[in-house]
Amino acid sequence: MKIKYLSIFAALVALSFSSCSESFLDHAPDERTEIDTEDKIIKLLNSAYPGANYSWIAELSSDNLIDNQAPHLPTKPWEKQVETHYNWSSYDRWDDQLFRFEPASMATYGDYDSPGMLWSDYYSSIAICNSALDAAEKVIAENHGEVSEKLKAAMAEAHLVRAYSHFGLVNMFAQAYKDEEASKKDIGVPYVTVLEDVVQKEYNRLNVSEVYRLIQEDLEKGLKDISEINYKVPKWHFNVNAAHAFAARFYLYKREWAKVIEHANAVLGTDNNTLMNMMMDYSIFTECSTGDDYSNAWQDPQLNNNLMLLVTNSLLERRCFGYRYSCAGPSARDIFMISSNHDFWKSYYVCPIALVSGMCFGSSTHDYGYINSKIFEQFEYSDKIARIGYPHIILRAFTANELLLERAEAYIMLGQYDAGCSDLCAYWNNSIDKFSEADYKQYFEGGYILKITKPMIEKYYAGNTGHGNCFENWDFTQTNISSSYVIPHEATPYMNCLNAFRRFETMFEGLRFFDLKRWGVNYTHTVGLYKEQIELAGNDVRRAIEVPWETISAGMASSRGPIEAANSNRLVFNEEDFRIK
Numbered sequence: 091m092k093i094k095y096l097s098i099f100a101a102l103v104a105l106s107f108s109s110c111s112e113s114f115l116d117h118a119p120d121e122r123t124e125i126d127t128e129d130k131i132i133k134l135l136n137s138a139y140p141g142a143n144y145s146w147i148a149e150l151s152s153d154n155l156i157d158n159q160a161p162h163l164p165t166k167p168w169e170k171q172v173e174t175h176y177n178w179s180s181y182d183r184w185d186d187q188l189f190r191f192e193p194a195s196m197a198t199y200g201d202y203d204s205p206g207m208l209w210s211d212y213y214s215s216i217a218i219c220n221s222a223l224d225a226a227e228k229v230i231a232e233n234h235g236e237v238s239e240k241l242k243a244a245m246a247e248a249h250l251v252r253a254y255s256h257f258g259l260v261n262m263f264a265q266a267y268k269d270e271e272a273s274k275k276d277i278g279v280p281y282v283t284v285l286e287d288v289v290q291k292e293y294n295r296l297n298v299s300e301v302y303r304l305i306q307e308d309l310e311k312g313l314k315d316i317s318e319i320n321y322k323v324p325k326w327h328f329n330v331n332a333a334h335a336f337a338a339r340f341y342l343y344k345r346e347w348a349k350v351i352e353h354a355n356a357v358l359g360t361d362n363n364t365l366m367n368m369m370m371d372y373s374i375f376t377e378c379s380t381g382d383d384y385s386n387a388w389q390d391p392q393l394n395n396n397l398m399l400l401v402t403n404s405l406l407e408r409r410c411f412g413y414r415y416s417c418a419g420p421s422a423r424d425i426f427m428i429s430s431n432h433d434f435w436k437s438y439y440v441c442p443i444a445l446v447s448g449m450c451f452g453s454s455t456h457d458y459g460y461i462n463s464k465i466f467e468q469f470e471y472s473d474k475i476a477r478i479g480y481p482h483i484i485l486r487a488f489t490a491n492e493l494l495l496e497r498a499e500a501y502i503m504l505g506q507y508d509a510g511c512s513d514l515c516a517y518w519n520n521s522i523d524k525f526s527e528a529d530y531k532q533y534f535e536g537g538y539i540l541k542i543t544k545p546m547i548e549k550y551y552a553g554n555t556g557h558g559n560c561f562e563n564w565d566f567t568q569t570n571i572s573s574s575y576v577i578p579h580e581a582t583p584y585m586n587c588l589n590a591f592r593r594f595e596t597m598f599e600g601l602r603f604f605d606l607k608r609w610g611v612n613y614t615h616t617v618g619l620y621k622e623q624i625e626l627a628g629n630d631v632r633r634a635i636e637v638p639w640e641t642i643s644a645g646m647a648s649s650r651g652p653i654e655a656a657n658s659n660r661l662v663f664n665e666e667d668f669r670i671k
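Residues 91 to 671 (our numbering) make up the sequence shown, in order.
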């Protein structure tokens with residue numbers, strides 16, 4: 091169905107935030123700098139990466155946060171198990187709407203971390219990619235069909251960024267991919283592949299299946315020619331490893347398990363020596379003492395584990411702590427696998443992996459919740475005297491650790507449980523082996539953390555064990571997603587372990603929301619003093635975040651309609667706070 095509305099750019103970018111320098115899209119075509127050489131195309135692609143951050147929308151829409159105004163049990167297991175609540179305000183009023191799974195009608199394109207900013211910025215990214223590809227075709231024509239290696243790599247990068255931005259849009263503003271036929275019935279997003287040269291244009295809001303097909307086309311074109319020839323620090327761009335990691339995630343969401351393994355192996359290798367080299371190095375935290383120290387360590391582009399980093403404009407860190415919605419109570423217990431008697435560690439209520447790396451900063455005076463140093467803010471001053479500027483969050487778009495868990499899931503879904511369990515064990519055990527010498531001696535040799543085995547996973551994560559992230563079985567995937575999505579009962583302990591590890595690994599980075607969508611997990615938000623229960627079933631239309639109200643006012647169909655219609659204070663933890671008392 092064709093939807094007539096104001097240009098995705100002209101209408102949206104004009105309303106979006108203006109914290110950065112003027113975009114070339116702010117000028118009429120005849121006023122723009124002519125993009126007529128491969129070097130100019132490469133420079134143009136520096137601005138092609140989306141600067142909006144999806145993490146807050148996703149975390150708020152997932153089961154990772156609670157409403158502190160609703161009575162809940164304390165996070166720490168030794169405290170008196172009495173429900174309490176705090177009358178803290180929301181950071182923004184539209185946070186209340188998203189937590190209730192409602193459209194963020196109080197947000198605008200100018201609000202950091204809002205659906206409007208995400209929508210406009212991702213489509214701005216797509217437009218720049220289209221401009222780069224159009225310019226590249228003209229350069230090739232002028233060179234009589236000859237294509238240099240640098241230009242070939244730049245075109246591959248443009249295809250990958252265009253695919254990445256559409257992938258983010260469809261997974262946020264549409265239903266999860268179900269299968270080729272079923273997803274034809276779910277409304278997707280416009281897939282823009284042409285240079286926008288008019289103020290008004292007609293677009294198709296395609297179905298989800300069509301969007302995935304076009305993403306795959308761009309992805310495959312990008313994979314074919316991507317290289318690191320154009321950049322001195324390739325981690326800030328799509329590089330070879332990042333391209334394979336993106337492919338693995340795409341095929342994971344599409345449930346093409348063999349391709350997930352193929353692309354994961356291209357990065358992680360097939361032997362433990364290569365894998366160890368790519369995994370997170372926890373020894374780098376030994377000299378860290380503040381949140382900034384830990385954050386800089388996590389976001390270091392020299393880390394092998396970081397495959398691609400994006401600079402985003404975001405207030406994510408400020409929103410996550412000390413306001414109405416935070417990681418506390420039952421959600422914190424599930425994310426950190428908090429327990430006073432865990433099979434995998436003892437004497438601390440969170441595992442030492444989180445302790446040595448600053449994953450759980452908090453306050454000991456009130457249960458404000460916890461925040462992860464991965465997402466601490468990097469502030470860019472535009473005027474140091476006036477102390478004004480732009481807040482940035484470095485988004486770790488792809489990491490080797492998360493990629494390993496994707497491969498584990500693919501093995502499990504293929505019924506290769508030994509291989510899947512080997513990856514789950516490697517995620518945990520190799521992390522311990524990557525501790526500093528002092529931390530290894532203290533925590534592992536001291537007996538505070540154990541290396542795990544397949545029997546340990548099978549015992550702890552079997553069936554309905556009464557602790558978070560576990561299901562008695564995973565039959566709900568067939569009802570909530572697709573009849574072809576069958577997870578056999580024997581896979582239950584491995585999927586439960588995977589669920590716990592993925593939630594722990596990706597906390598505050600937004601991926602939990604997409605996992606809940608693609609698995610079809612039912613979950614509930616408890617709201618307010620009277621504990622109103624708002625359930626989100628696995629096939630609920632509210633799983634699709636509603637597109638910005640400004641876009642709907644301009645003629646865009648609702649995400650939830652039928653296809654036919656179309657600087658926060660740094661908080662340093664004290665290790666003693668985490669001992670079981």
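Ideal Cβ positions, reconstructed from N, Cα and C, are used throughout, including at glycine.
Q | Where residue 417 falls: helix, strand or coil (DSSP) | A | Residue state for residue 417 is assigned as strand, using DSSP reduced to three classes.
Q) What is the rounded straight-line gap between the Cα of residue 224 and the Cα of residue 130? A) A straight line joining the alpha-carbon of residue 224 with that of residue 130 spans about 13 angstroms.
Q. Can you tell me whether DSSP reads residue 324 as helix, strand or coil?
A. Reduced to three states, the DSSP call for residue 324 is helix.
Q.
Is the separation between the beta-carbon of residue 144 and that of residue 208 shorter than 8 angstroms?
A. Using a Cβ distance threshold of 8 angstroms, residue 144 and residue 208 count as a contacting pair.
Q. Out of 167, 212 and 204, which has the shortest C-alpha to C-alpha gap to residue 139?
A. The candidate whose alpha carbon is nearest that of residue 139 is 212.
Q) Is residue 497 buried or exposed, if buried means 16 or more other CB atoms sit within 10 Å of its CB? A) Buried is the call here.
Q) In this structure, does DSSP put residue 168 in helix, strand or coil? A) Note: residue 168 maps to coil in three-state DSSP.
Q. Roughly how many whole angstroms lie between the Cα atoms of residue 629 and residue 644?
A. When only Cα atoms are considered, residue 629 and residue 644 end up about 28 angstroms apart.
Q) Quick one: Cα of residue 651 to Cα of residue 317, how far? A) Rounded to whole angstroms, residue 651 to residue 317 spans 41 angstroms at the Cα level.
Q.
Since residue 125 and residue 244 should fall inside the 8 angstroms C-beta cutoff, what is the C-beta to C-beta distance between them, to a whole number of angstroms?
A. Contact between residue 125 and residue 244 is absent: CB atoms are separated by about 11 angstroms, not below the 8 angstroms threshold.
Q. Beta carbon of residue 423, beta carbon of residue 165: below 8 angstroms?
A. Taking 8 angstroms as the Cβ cut-off, residue 423 and residue 165 qualify as a contacting pair.
Q | Continuous beta strand (DSSP E) stretch holding residue 488: start and end | A | Unbroken beta strand (DSSP E) run through residue 488: 478-489.
Q: Examine the Cβ distances between the region 474-486 and the region 539-549 and report whether three or more of them are shorter than 8 angstroms.
A: Remark: fewer than three beta-carbon pairs, one from each stretch, lie closer than 8 angstroms, so the region 474-486 and the region 539-549 are not flagged as touching.
Q. If you draw a straight line from the alpha carbon of residue 505 to that of residue 581, how long is it in whole angstroms?
A. Cα-Cα distance, rounded: 8 angstroms.
**Q.** Distance, residue 642 Cα to residue 210 Cα
**A.** Annotation: residue 210 to residue 642 spans about 13 angstroms, alpha carbon to alpha carbon.
Q) Considering only C-alpha positions, which residue in the set 261, 339 and 218 is nearest to residue 494? A) Considering only alpha carbons, the answer is 339.
Q) Which full runs of the alpha helix (DSSP H) of 4+ residues lie inside the region 227-292, going along the chain? A) Runs of the alpha helix (DSSP H) spanning 4 or more residues and lying entirely within the region 227-292 occur at 239-263, in chain order.
Q.
Quick check on DSSP: helix, strand or coil for residue 353?
A. Helix at residue 353.
Q: Kindly indicate which three-state DSSP category residue 185 falls into: helix, strand or coil?
A: Residue 185: helix per DSSP, three-state reduction.
Q) Since residue 368 is in the alpha helix (DSSP H), which residue starts that stretch and which ends it? A) From DSSP, the alpha helix (DSSP H) with residue 368 extends over 362-368.
Q.
Relative to the C-alpha of residue 54, which candidate in 238, 488 and 377 has its C-alpha closest?
A. Because the chain is modelled from 91 through 671, residue 54 falls outside the range shown and cannot be assessed.
Q: Would you kindly work out how many angstroms separate the C-alpha atoms of residue 395 and residue 324, rounded to a whole number?
A: Answer to the nearest angstrom: the Cα atoms are 14 angstroms apart.
Q: Note the first and the last residue of the continuous beta strand (DSSP E) segment covering residue 617.
A: Here the beta strand (DSSP E) through residue 617 covers 613-617.
Q) Hey, out of 524, 178 and 482, whose CA is closest to residue 447's CA? A) For the set 524, 178 and 482, the Cα lying nearest the Cα of residue 447 is the one of 524.
Q | Beta-carbon proximity list for residue 259, same chain, < 6 angstroms, skipping 5 on both sides | A | Excluding positions up to five away in sequence, the list reads 212 and 279.
Q.
Does residue 657 pass the burial test, meaning 16 or more other C-beta atoms within 10 Å, or should it be called exposed?
A. Caution is warranted here: a pLDDT of 36 is assigned to residue 657, below 50, making its placement in the model unreliable, and the coordinate value is therefore given only provisionally. Label assigned to residue 657: exposed.
Q: Using the DSSP secondary-structure output, state which residues sit across from residue 398 in a beta bridge.
A: Note: residue 398 sits in a beta bridge opposite 488.
Q) Taking Cβ to Cβ, would you say residue 253 is nearer than 8 angstroms to residue 188? A) No.
Q. What are the boundary residues of the beta strand (DSSP E) that includes residue 622?
A. Element bounds for residue 622: 622-626.
Q) Which residues bound the alpha helix (DSSP H) around residue 585? A) For residue 585, the enclosing alpha helix (DSSP H) stretches over residues 582-595.
Q) What's the C-alpha gap between residue 404 and residue 551? A) Each residue's Cα considered, the two are about 36 angstroms apart.
Q | residue 134 versus residue 219 - alpha carbon distance | A | Roughly 9 angstroms between the two C-alpha positions.
Q | Own chain partners of residue 674 with C-beta closer than 7 angstroms, once the 5 adjacent residues on each side are dropped | A | Given that the chain is displayed from residue 91 to residue 671, the structure contains no residue 674 and the question cannot be resolved.
Q | Between the CA atoms of residue 413 and residue 174 - distance to the nearest angstrom | A | Rounded to whole angstroms, the separation of the alpha carbons of residue 413 and residue 174 is 15 angstroms.
Q. If we count the other Cβ atoms within 10 Å of its Cβ and call it buried at 16 or more, is residue 183 buried or exposed?
A. Classification for residue 183: exposed.
Q. Is residue 141 buried or exposed, if buried means 16 or more other CB atoms sit within 10 Å of its CB?
A. Label assigned to residue 141: buried.
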